[in-house]
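Trainee: Please read through the structure below; I'll follow up with questions.
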Amino acid sequence: MDKPKVLDMFCGCGGLSLGFINAGYDVVLGVDNDEAALKTYEINHQEAIPLKADLFTDEAINEIKDVIDKKIGTIKNIDVIIGGPPCQGFSLTGSRDINDSRNKLYLAMVKVIRLVRPKSFLIENVHGIATLYGGVVKDQIVNTFTDMGYKVSVTPKPLLAADYGVPQMRKRMFFVGIRNDVYESKGEEFSFPVPTHSSSNYISCSDAISDLPSRESELGSEIDEYIMNPQTDYQRFMRINCEKLYNHVATNHTDMVKSTIELVPDGGNYKDLPKGYGESRKFNEAWTRYASNKPSRTIDTGHRNHFHYKYNRVPTIRENARLQSFPDSFIFWGNKTQQNRQVGNAVPPLLAYSIAVQLKKYLQLGEKNE
Ligand SMILES: C[S@@+](CC[C@H](N)C(=O)[O-])C[C@H]1O[C@@H](n2cnc3c(N)ncnc32)[C@H](O)[C@@H]1O
4 MDKPKVLDMF CGCGGLSLGF INAGYDVVLG VDNDEAALKT YEINHQEAIP LKADLFTDEA
64 INEIKDVIDK KIGTIKNIDV IIGGPPCQGF SLTGSRDIND SRNKLYLAMV KVIRLVRPKS
124 FLIENVHGIA TLYGGVVKDQ IVNTFTDMGY KVSVTPKPLL AADYGVPQMR KRMFFVGIRN
184 DVYESKGEEF SFPVPTHSSS NYISCSDAIS DLPSRESELG SEIDEYIMNP QTDYQRFMRI
244 NCEKLYNHVA TNHTDMVKST IELVPDGGNY KDLPKGYGES RKFNEAWTRY ASNKPSRTID
304 TGHRNHFHYK YNRVPTIREN ARLQSFPDSF IFWGNKTQQN RQVGNAVPPL LAYSIAVQLK
364 KYLQLGEKNE
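Reading the sequence shown from the start, the letters are residues 4 to 373 in the numbering used here.
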């Protein structure tokens, strides 16, 4: 079978795309409205076309069709549509489906899936979507695609990235739709991949990043040298095909921040600070130091409350990228805020890979798209 063809909507820098590419898919097009993220996408996914478009609009859908028609003959040749729309796209409509103008970002996926009728689709979202408005949003997604002729599987509980070899306790919900004829040929519903790791062998923060320079005496530059060999299998894996060290630039913290975080032990937080210290930040995750012997907390888009397990600074882009399972050869483009947003928004490529491998078992079945 030829490589299944994929369209990635809301592609960001392409974490989800990378997992699919590594699993042997041909990602044809990535669509997003964030210029810097698309530039990163372009640098790292040279086979795929990056398309800047506002998925709130119908013009975007026409543009997607035109670009894909030109590249692979017809958009009907797309086998899989994947995407992680931002969850602000939701509102409670009270109706059975999500065809409501307020849910425009999801609507873009609905419209393109209705047009293409791919064999399958994958939608990723934050774990809170399962319970948003008492589960009504989740039901709306399932109902909408069921009515469109898909057998929809939802992760019974959010998938935990650490269970799939990612050094991070990130939880995400996934919806997978298998077109009814494909589902009937296979005779079984899509089942999510079984975990490859458990708490006894999770990849820890130090397993993931201990080979990277400390950046204590200098901030470093966007392109630099490694200073030691990889220390673990995970580090060896991350460094495949990469001779230089990219995006490993430290944040220049104030003396107050440095002297405060210095008082927090490995794995600790603001509760470990002596009275009178760190008063400016006192919420749940303030002054959190990652634990060297555990996976990291969820990598976010850069709020500066999570610190390196050993050094008195927040992790660099490269360290966060490692904790998201992006290989070192994946280079982030843009200023630090943009890079942080790209890394924090992404689906960890290793998690995406596990799902993509599982999905492939269904794709050789069924008819051509109508
Ligand atoms: C959760 S991120 C997707 C991350 C991506 N799946 C990955 O794995 O790297 C959501 C993306 O939606 C994009 N987005 C938000 N509003 C959009 C719009 N109106 N049109 C197109 N893209 C939009 C954002 O720029 C962001 O990159």
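Glycine residues also receive a C-beta, built at the ideal position from the N, C-alpha and C atoms.
For the pair the segment 217 to 236 and the segment 180 to 190, tell me if three or more CB-CB distances fall below 8 Å.
Mentor: As far as the Cβ criterion goes, the segment 217 to 236 does not touch the segment 180 to 190, which means the pair count is below three.
Trainee: Among residues of its own chain, excluding the 5 on either side of S104, which ones have a beta-carbon nearer than 8 Å to its beta-carbon?
Mentor: Note that S104 scores a pLDDT of 48, beneath 50, so its modelled location is shaky; the value from the coordinates is reported in the next line. Once the five neighbours on either side are set aside, the close Cβ partners of S104 are L110.
Trainee: Using the Cβ count rule (16 or more neighbours within 10 Å means buried), how would you classify V317?
Mentor: Buried, by the Cβ-count rule.
Trainee: Evaluate the contact criterion for the segment 193 to 204 versus the segment 160 to 167: three or more CB pairs, one atom per stretch, below 8 Å.
Mentor: Flag = yes, the segment 193 to 204 and the segment 160 to 167 touch.
Trainee: For T158 and Y273, I'd like the C-alpha separation in whole angstroms.
Mentor: Cα to Cα, T158 sits roughly 34 Å from Y273.
Trainee: Is there at least one non-hydrogen atom of ligand 1 closer than 7 Å to the beta-carbon of A51?
Mentor: Because no heavy atom of ligand 1 lies under 7 Å away, the Cβ of A51 does not count as near it: no.
Trainee: Which residue wins for smallest C-alpha separation from K55, given the options K42, N47, H48, I46?
Mentor: Nearest of K42, N47, H48, I46 to K55, Cα basis: K42.
Trainee: Measure the alpha-carbon distance for A289 versus T77 and round it to whole angstroms.
Mentor: Their Cα atoms are separated by approximately 51 Å.
Trainee: For F13, which of helix, strand or coil comes out of DSSP?
Mentor: Residue state, collapsed to three classes: coil.
Trainee: Going residue by residue through the segment 237 to 314, where are the continuous alpha helix (DSSP H) segments of at least 4 residues, counting only ones entirely within it?
Mentor: List check, alpha helix (DSSP H) in window: 258 to 264.
Trainee: Distance, Cα to Cα, I302 vs P170?
Mentor: For I302 and P170, the distance between alpha carbons rounds to 10 Å.
Trainee: Please classify P268: is it buried, with 16 or more other beta-carbons within 10 angstroms of its beta-carbon, or exposed?
Mentor: Exposed, since its Cβ has fewer than 16 Cβ neighbours within 10 Å.
Trainee: Using the Cα positions of L19 and K278, report the straight-line distance between them to the nearest angstrom.
Mentor: Cα to Cα, the separation comes out at about 44 Å.
Trainee: Quick one: grab the DSSP three-state call for K364.
Mentor: Three-state DSSP puts K364 in a helix.
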